[in-house]
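*Asks:*
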Amino acid sequence: MSPTLMALVLIALGFAGYIAGQARALASAGGDSRVLHSLPRYYGMYAAMMALVPGVVLLVLWLILQPMVIGNAAAGLIDSPDEQGLIQSDVRRVADGLDLAVAQGAISAVGAQALEADGTIRNLLAQVSAPLASDVTTEVLNAAQAYRRMDARGTLFMSIAVLAAALAGLALAWTRTDKDLRARNKVESGVRALLIIAASIATLTTLGIILSLVASTIEFFQLYSASDFFFGTTWSPSFGGGSELGVLPLLWGTLYISLIALLVAVPIGLFAAIYLSEYATPRMRSIVKPLLEVLAGIPTIVYGLFALLTVGPLLLGLFGSEGLGWMQAGTAVMTAGLVMGIMLIPFVSSLSDDIMGGVPQALRDGSYAIGATKSETIRQVVLPAALPGIVGAVLLAASRAIGETMIVVLGAGAAARLGLNPFDAMTTVTAKIVSQLTGDADFASPEALVAFALGMTLFVITLGLNVIALWIVRRYREQYE
Amino acid sequence: MTQKTSLIEPDARTRRRNAAEKRFRAYGAVAIAIGLGFLVILLTTIIVNGRGAFQQTFLSVPVYLDPAKLDKKGDRNPEDIAKVSTFGYGPLIQAALLEQVRGLNIDTPLTDAKDMKALISASAAAEVRDVVMADASLIGRTVTFNLLASSRVDGYLKDRVSRVGVERDKNIDAVHLDLVDKLRDAGVVARSFNLSFITGADASESRPEQAGMGVAILGSLAMMAVVLVLSLPIGVAASIYLEEFAPKNRWTDLIEVNISNLAAVPSIVFGILGLAAFIQFAHLPQSAPLVGGLVLTLMTLPTIIISTRASLKSVPPSIRDAALGVGASKMQAVFHHVLPLAMPGILTGTIIGLAQALGETAPLLLIGMVGYVATNYPDGIGSAFLDPNSAMPAQIFEWAKRADPAYYERAWGGIIILLVVLLSVNLIAILLRRRFERRW
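Taken in sequence, the protein lines are chains A and B. Number 380 in the numbering used here belongs to position 380 of the first sequence; there are no gaps in the numbering. If you want the numbering used here, it's the 1-based position in the second sequence plus 481.
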């Protein structure tokens, strides 16, 4: 049975369990629902739960594990010095293709078993739109046939096991159900377990990020020395080998662009926040603040295009060969930095505005009482009081700038360079992650694996900034609450 | 102290302080003006550059569908007609256009039918062929087609292609442009609304006039469906646990810190996770909207959890107490009373999270949704999720990278579509909030 059919059968079993459980509970109470411990529907849910949980868990586990186990076993038939993973995927592709061919009626099931390893297979699979990169060898074909046999057998076993598990659960629920069963409590603890699993997914995501980054980073450092990566000043990957993969030029580009972005965003954002929280009327504030926040809601690809096609050529006209002669091309640190700065304005302004709004009015009143003007109060009382929170807001904006991808991919250029001229093209960690992972590179080469090391670097930096920023903001909030 | 002070006449120092006050206030106003100015500039740039994509130049040409070329046997057998490829139709169209030029008595040095090729889109032949394939009885008759003009002609009418630039262009010459001017006066060349930009598929690098967003919009829709189906239940369940049931211990603390930090992890890192977990480890198909949706789900979950918790928190405790007081269990109090009351807030938060995911590009780069040329519509529901496709922001990025400037116009136009979608999604969220929000 196919997994979809299995799922449907399980749902039907669950539904049957719901009806049967409810009926049995009512019967045990002699039809008087007041005698039951729980409402009748909880008995139904209990039975449905007992049928579904073991069935679904088994089904999911089986679906995940079966391809791995069988793939290993089938690839084990081939004695080859090549990468085992590569063969596995070859075998699987041939096997899947044959299955598809049988399903579409391009070949009979018996015919598929009797195929010979020659050009016909490739043609056949191309017909059913499962094209292969190369011709199939006898070994791979044999392994693929073995894979298909094991797969069919495995699927049969799976159907039996899943059905058995679901029926066993149902039977257990059936025998247990009577009027004294604490069905509601059982159902509720089941729901609670479900809630806990959902809450853990966030943690699993972090775990997944760390695992996927760490595993490949370690692999990378086995191929390329860590000190050359962290202290190398040249970035020149070449997929033919002999690459130099120093992270310093990328880090420098990242920080330089972020710095320019912050130089744009912090003054504008901060003054805007001061005006919004201290001077603006509530009506003006309710209009201007959402409008500024629109800047943060615009997708970054829009800013990227704006940098590439509008700001870049504009700057080139001013600072290029026809102007001051500092700039060679439209893509440069300045282009990306300016546009990123625009994007970050609301990050600084909205958070700073909230934070200044949290400064107690009594502090301002005290300052006015001794004769300070409004601006003096802001500069000497409100801002110092809000400073930790504002620093937190700026750090959050900085972490956003460092992790920004689309603007730098489109606006900053591709040349890794350690330089000071802000009108030169430079590149960043994020832009290089993209360029190293989007080619047709072999994922086992250091040139592709370096992207994971870069991702790790990026993750650690932004995580550090976020933890510090959130800690500062939280501590600051507690101070005045 | 000989200084005279008066309440009516401010002294020099007071004047200075008041001036400083005015200046400071002005700085703030200027900062806001700059911020809003940027917004206005950005939006104007988008509209000015992008509106051209919604207009396209068409040639109305009466084409004689020559039976000698299209159906040599003359028995209108569909299989025989299908054997004539688009190469058979190209010369027909070119000849028809030349005929029309002559019929209008337009004076031009171009006398060969092949010279007309520069004016007509490469897709025109396929367009005519599709019409003939659908209705074989048209063969032998003269049918007037509204054919796409080539992107150079389109660009000339939109002032993108200039006569100066054309000198180095091997696709078109100045004489062609002269002819276009005359054809426009004759009403043969005209611009009209380009619906196929919104509904059509992407085209190859050489024919920007044909490219549309339709397939990418479907890709984005499929991804959003995945995000909605996964992130709403998981996000709500996680929030309910953390807000209503979680004991205060290390484990829940860890989860909370995690969620607030995950919300700030750069989106490209989620792309790496998607590549490693879904494509390399789980062997899900590359470029598939399903994988894109999974990655974006992980990315939007923290946003949804944070906003859901806020709306659960805003339901007053008295509601819970009342439910518990009449004998509901904790679970019943939450699911029967708190959750329905928090639902409008939860939906608003979810929609805003979805809008964020809709505009995200970086993770899609890594799972292969960029670089894929989305020229075919998915065949069905399954293929909409599992077959390679593009997405709106990925399509815009793809166009921005192509060399032909005609694609830049498409990219800006794509942004207009994307922003209109985002705007309407956010509008729904705002309306929902206005309509259902309760202040306790």
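Glycine included, C-beta positions come from ideal geometry on N, C-alpha and C. Owing to the predicted nature of the structure, the values given are computational and were not obtained by experimental measurement.
Would you say Ala887 of chain B and Ser871 of chain B are within 9 Å of each other, going by their C-beta atoms?
*Replies:* No, they are not a contact pair.
*Asks:* Could you tell me the distance, in whole angstroms, from the CA atom of Pro299 of chain A to the CA atom of Val624 of chain B?
*Replies:* If you take the alpha carbons of Pro299 of chain A and Val624 of chain B, they lie about 45 Å apart.
*Asks:* Going by C-alpha distance, which of B:Arg915, B:Tyr889, B:Ser541 and B:His818 is nearest Gly963 of chain B?
*Replies:* What is shown of chain B runs 482 to 921, which leaves residue 963 of chain B out entirely.
*Asks:* Taking Tyr545 of chain B as the query, report the chain A residues whose CB atoms sit under 9 Å from its CB, ordered along the chain.
*Replies:* Residues of chain A passing the Cβ test: none, with the nearest at roughly 38 Å.
*Asks:* May I ask you to list, following chain order, the residues of the segment 703–728 of chain B that have a beta carbon less than 7 Å from some beta carbon of chain A?
*Replies:* Against chain A - using a Cβ distance shorter than 7 Å - the residues of the segment 703–728 of chain B are Ile715, Ala718, Ala719, Ile721, Tyr722, Leu723 and Phe726.
*Asks:* So which of A:Phe459, A:Met6 and A:Leu5 has the shortest CA-CA distance to Glu404 of chain A?
*Replies:* Nearest of A:Phe459, A:Met6 and A:Leu5 to Glu404 of chain A, Cα basis: A:Phe459.
*Asks:* Determine the chain B residues that contact Leu213 of chain A at a beta-carbon separation under 7 Å, and present them in chain order.
*Replies:* In chain order: Ile753.
*Asks:* Taking Glu502 of chain B as the query, report the chain A residues whose CB atoms sit under 8 Å from its CB, ordered along the chain.
*Replies:* The answer, in chain order, is Thr373, Lys374, Ser375 and Glu376.
*Asks:* Is Ser200 of chain A close to chain B, meaning its C-beta is less than 9 Å from at least one C-beta of that chain?
*Replies:* Yes, Ser200 of chain A lies at the interface with chain B (some Cβ there is under 9 Å from its Cβ).
*Asks:* Within the segment 659–719 of chain B, note down every full beta strand (DSSP E) run reaching 3 residues or more, in order along the chain.
*Replies:* Whole beta strand (DSSP E) segments, 3+ residues: 670–674.
*Asks:* Which residues in chain A have a C-beta closer than 8 Å to the C-beta of Ile749 of chain B? List them in chain order.
*Replies:* By Cβ distance, chain A contributes Gly403, Thr405, Thr430, Ile433, Val434, Gly455 and Leu458.
*Asks:* Do Thr789 of chain B and Gly830 of chain B come within 9 Å of each other at the CB atom, strictly closer than that value?
*Replies:* Yes.
*Asks:* State the DSSP-derived secondary structure class of Ser277 of chain A, mapped to helix, strand or coil.
*Replies:* Of the three classes helix, strand and coil, the one that applies to Ser277 of chain A here is helix, per DSSP.
*Asks:* Mind pulling the chain B residues with CB within less than 7 Å of Ala272 of chain A?
*Replies:* Gly509, Ala512, Ile513 and Gly516, listed in chain order.
*Asks:* So does the segment 667–686 of chain B actually touch the segment 740–757 of chain B, counting three or more Cβ pairs closer than 8 Å?
*Replies:* Output reads no: the segment 740–757 of chain B does not touch the segment 667–686 of chain B.
*Asks:* Whose CA, out of B:Ser604, B:Gln837, B:Arg506 and B:Asn730, lies closest to the CA of Ser277 of chain A?
*Replies:* Considering only alpha carbons, the answer is B:Arg506.
*Asks:* Ignore the nearest five residues each way along the sequence and tell me which others in Pro770 of chain B's own chain have a CB closer than 6 Å to its CB.
*Replies:* If we look at Pro770 of chain B and ignore the five residues flanking it on each side, its Cβ neighbours are Gly700, Ala703, Met704, Phe866 and Asn870.
*Asks:* Counting along the chain, where does the alpha helix (DSSP H) carrying Phe539 of chain B start and finish?
*Replies:* Per DSSP, Phe539 of chain B belongs to no alpha helix (DSSP H); it is in the beta strand (DSSP E), Gln536 to Tyr545.
*Asks:* Per DSSP, what kind of secondary structure is Thr206 of chain A in: helix, strand or coil?
*Replies:* Thr206 of chain A falls in the helix class under three-state DSSP.
*Asks:* Specify whether the segment 811–827 of chain B and the segment 838–853 of chain B touch according to this definition: at least 3 beta carbon pairs, one from each stretch, less than 8 Å apart.
*Replies:* Taking 8 Å as the limit for Cβ pairs, the verdict is that the segment 838–853 of chain B does not touch the segment 811–827 of chain B.
*Asks:* For Lys811 of chain B and chain A, any beta-carbon pair shorter than 9 Å?
*Replies:* With 9 Å as the cut-off, Lys811 of chain B counts as an interface residue toward chain A.
*Asks:* CA-CA distance, Leu900 of chain B and Ile909 of chain B?
*Replies:* If I take the Cα positions, the gap works out to 14 Å.
*Asks:* Considering Cα atoms alone, identify which of A:Ala431, A:Tyr42 and A:Gly337 is closest to Leu259 of chain A.
*Replies:* For Leu259 of chain A, the nearest C-alpha among the options comes from A:Gly337.
*Asks:* Could you tell me the boundaries of the beta strand (DSSP E) in which Thr623 of chain B lies?
*Replies:* Residues Thr623 to Leu629.
*Asks:* Should the segment 426–441 of chain A be called in touch with the segment 499–513 of chain B, which here means at least 3 C-beta pairs below 8 Å?
*Replies:* No contact exists between the segment 426–441 of chain A and the segment 499–513 of chain B.
*Asks:* Determine the closest residue to Thr377 of chain A out of A:Gly320, A:Gly389, A:Ala362 and A:Leu52, with distance taken between C-alpha atoms.
*Replies:* Among A:Gly320, A:Gly389, A:Ala362 and A:Leu52, the Cα nearest to that of Thr377 of chain A belongs to A:Ala362.
*Asks:* Output, in sequence order along the chain, the residues in the segment 551–571 of chain B whose CB is closer than 8 Å to any CB in chain A.
*Replies:* Residues: none.
*Asks:* Determine, using beta carbons only, whether Val56 of chain A and Phe229 of chain A come nearer to each other than 9 Å.
*Replies:* No, the Cβ-Cβ distance between Val56 of chain A and Phe229 of chain A is not below 9 Å.
*Asks:* For Leu223 of chain A, which of A:Gly413, A:Ile209, A:Glu244 and A:Leu207 has the nearest alpha-carbon?
*Replies:* For Leu223 of chain A, the nearest C-alpha among the options comes from A:Glu244.
*Asks:* Comparing the C-beta of Ile800 of chain B with each C-beta of chain A, is any distance below 9 Å?
*Replies:* False, the Cβ-Cβ gap to chain A never drops below 9 Å.
*Asks:* Roughly how many angstroms lie between the CA atoms of Gly320 of chain A and Gln328 of chain A, to the nearest whole one?
*Replies:* Roughly 6 Å separates the two Cα atoms.
*Asks:* DSSP three-state call for Met482 of chain B: helix, strand or coil?
*Replies:* For Met482 of chain B, the predicted model reports a pLDDT of 49, less than 50, meaning its position is unreliable; a value from the coordinates is still stated below. Met482 of chain B: coil per DSSP, three-state reduction.
*Asks:* Can you tell me which of A:Ala261, A:Ile287 and A:Tyr279 puts its alpha carbon nearest to the alpha carbon of Tyr303 of chain A?
*Replies:* Nearest option by C-alpha distance: A:Ala261.
*Asks:* Any C-beta of chain C sitting closer than 9 Å to the C-beta of Leu291 of chain A?
*Replies:* The structure shown contains no chain C; the protein chains it does contain are A and B.
*Asks:* Helix, strand or coil, according to DSSP, for Ser236 of chain A in the structure here?
*Replies:* Looking at Ser236 of chain A - three-state DSSP - the assignment turns out to be strand.
*Asks:* Between the segment 560–579 of chain B and the segment 606–616 of chain B, can you find at least three pairs of beta-carbon atoms closer than 8 Å?
*Replies:* In short, these stretches touch, since the Cβ pair count reaches three.
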